[in-house]
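In UniProt numbering, the protein residues as written are 2 to 452. Built from N, CA and C at the ideal position, the CB exists for glycine as well.
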Ligand code: FAD
């Protein structure tokens, strides 16, 4: 017998329930990845994520080869390709991880329908992408939790499933494969992009647990110290399993590890919101009837990191350079766009998705809505002041100076407010004046919101 494992957001051999199930029931498996042209046409296949994906697939193939197998790669419509591989190999089952986006659930429906006229059945596995499956924890009278704290209480009490070992050997059915698109052939990649792959993810996890996580509670907002795990791209591509990361962090046991696990619960929280409300990927989760401003000049300044607010600009330039941004930066730039400039959150979400290596619909769209006040934030009218945030979370200005070399020689007292420099000092700094007064932006937002 043959079973297909369709890899999607679970590009790993360790702790992979879909792979385990296929291995258990079949003599041979087809570890299949499809370059899905449908996904490409949604604009989701951007250079940074394609480059990271190339690493992931190369590493997945290497891991399978070490175990006597190999990865099977196809391109085209994912449903056609699975159907074809099933026919070619006589497979009787297709295993896939459950997804939460509309795209993923539609893919499941289409697969089920396409396999309907064959002897092959689709098996969808929960709690592969997230640690706790969306819909597993429900409040009374609702199909999802809309507030994080009560969700977290239940989530923490529920615990996560057991972690599965990677298979020792893999026997792959005889079937043709295309090549993995090499990373070197992908243009437009951010120069500071991290390496992908399960091996890289596991190494990062180990060094994080031995060297970083203990200081997380105190250090996670120290933006210059860069003291977060940077595991988000691995969690996004599933080169690490969220369940395994949580289990390993719990064993570490420090208060830093507890704070870190709480952040992973946010990931599950946003996934269960999107699973219940897939429309929230594009529409306001809570409609307020905002009449967003359109101002091309200000929006372009935000996109290019030229707003005149160093903390905002530094973060936007980090995003372009690394395909990643620190969470504090994400919160501040999102508040600046959607509240200070009062520009539609979708404009920012789209830009993030065009660059973020960890960019995904659940975390990105729901965090943008959270920041804009249209989502699940229980204080939707708070506005983050980028000067105060900068002084608080980058007190020495080293984050700002790292990404804005033009401010390298500005004294600490002015590094978050370079407009306070006087005379020749100001003239010698090639950095724009603020595009908007913060007080004016705040007043406009509060008036629009009736706050
Ligand atoms: P750590 O601080 O080490 O946290 C560990 C893990 O917890 C992260 O890898 C992530 O999986 C999870 N996590 C932490 N914070 C959040 C959060 N607020 N929501 C959901 N999960 C969280 N995260 C993404 O993975 N993809 C996105 O597209 C994304 N877009 C965002 C957009 C905005 C406007 C904001 C404010 C946040 C966004 N985040 C997103 C959440 C968060 O900023 C990143 O997960 C985090 O910065 C990744 O860095 P890290 O792995 O070092 O995080």
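- request: Compute every distance between the C-beta of residue 128 and the non-hydrogen atoms of ligand 1, then say whether any falls below 7 Å.
  value: no
Within the region 3-90, ranges of the alpha helix (DSSP H) (whole runs, at least 4 residues): 18-26, 38-42, 48-67 and 79-90
- request: Determine the direct distance from the alpha carbon of residue 176 to that of residue 260, and round the result to whole angstroms.
  value: 46 Å
Alpha-carbon spacing of residue 28 relative to residue 4, whole angstroms: 8 Å
message: Considering only the alpha carbon of each residue, which of 70, 273 and 117 lies closest to residue 83?
response: 117
query: So what does residue 123 bridge to, in DSSP terms?
result: 95
task: Quick one: residues in its chain with C-beta nearer than 6 Å to the C-beta of residue 8, no 5 flanking neighbours on either side, listed in chain order?
output: 34
task: For residue 179, decide whether its Cβ has a neighbour in chain D, counting only Cβ atoms nearer than 8 Å.
output: Of the protein chains in this structure there is only one, and it is not chain D.
field: Where the alpha helix (DSSP H) through residue 272 begins and ends
entry: 256-277
- prompt: Would you say residue 237 touches ligand 1, meaning its beta carbon is less than 7 Å from a heavy atom?
  reply: yes
query: Is it buried or exposed for residue 24, if we count other Cβ within 10 angstroms and need 16 for buried?
result: buried
message: Assuming residue 353 is part of the alpha helix (DSSP H), what are its boundary residues?
response: 346-356
- prompt: What are the start and end residues of each continuous beta strand (DSSP E) run of 3 or more residues lying completely inside the region 270-328, in chain order?
  reply: none
task: Determine the closest residue to residue 109 out of 81, 91, 89 and 212, with distance taken between C-alpha atoms.
output: 81
query: In three-state DSSP terms, what is residue 401?
result: helix
- request: Spatial neighbours of residue 148 within its chain, please: CB distance less than 7 Å, with the 5 preceding and 5 following residues excluded, ordered by chain position.
  value: 377 and 379
field: Contacting residues, own chain, Cβ-Cβ under 7 Å from residue 238 (five flanking each side not counted)
entry: 10, 12, 53, 54, 57 and 197
- prompt: What does DSSP give as the partner residues of residue 173 in its beta bridges?
  reply: 30
message: Tell me which residues share the same chain as residue 360 and place their Cβ nearer than 7 Å to its Cβ, disregarding the 5 neighbours each side in the sequence.
response: 50, 353 and 354
- prompt: For residue 396, which three-state DSSP category applies?
  reply: coil
task: Taking only the alpha-carbon atoms, compute the straight-line gap between residue 342 and residue 298 and give it to the nearest angstrom.
output: 11 Å
query: Would the C-beta of residue 66 count as close to ligand 1, meaning under 7 Å from any of its heavy atoms?
result: no
- prompt: Is it true that the CB of residue 433 sits closer than 8 Å to the CB of residue 454?
  reply: Nothing in the structure corresponds to residue 454, since the chain is present only between 2 and 452.
- prompt: Is the region 12-21 touching the region 116-134, taking contact as three or more C-beta pairs under 8 Å?
  reply: yes
task: Could you check the C-alpha separation between residue 256 and residue 157 for me, to the nearest Å?
output: 14 Å
message: Please identify the residue among 77, 47 and 6 whose C-alpha is closest to the C-alpha of residue 87.
response: 6
message: Assuming contact is defined by CB atoms lying nearer than 8 Å, are residue 227 and residue 394 in contact in what I supplied?
response: no
query: Regarding residue 264 and ligand 1, is the C-beta to nearest heavy atom distance less than 7 Å?
result: yes
message: By the three-class DSSP mapping on this structure, what secondary structure does residue 146 have?
response: coil
message: I'd like to confirm something about residue 327: is its beta-carbon nearer than 7 Å to some heavy atom of ligand 1, or not?
response: yes
- request: Indicate whether the contact test is met: 3 or more Cβ pairs, each with one atom in the region 318-338 and one in the region 184-194, closer than 8 Å.
  value: yes
- prompt: With a Cβ-Cβ cutoff of 8 Å, do residue 333 and residue 387 count as a contact?
  reply: yes
query: Where residue 424 and residue 404 are concerned, what is the direct C-alpha to C-alpha distance, given to the nearest angstrom?
result: 24 Å
message: Alpha carbons only, please: which of 450, 73, 263 and 396 is nearest the one belonging to residue 374?
response: 450
query: Where does residue 185 sit, in a helix, a strand or coil, going by DSSP?
result: helix
message: ligand 1 and residue 332: does any heavy atom of the ligand fall closer than 7 Å to the residue's C-beta?
response: yes
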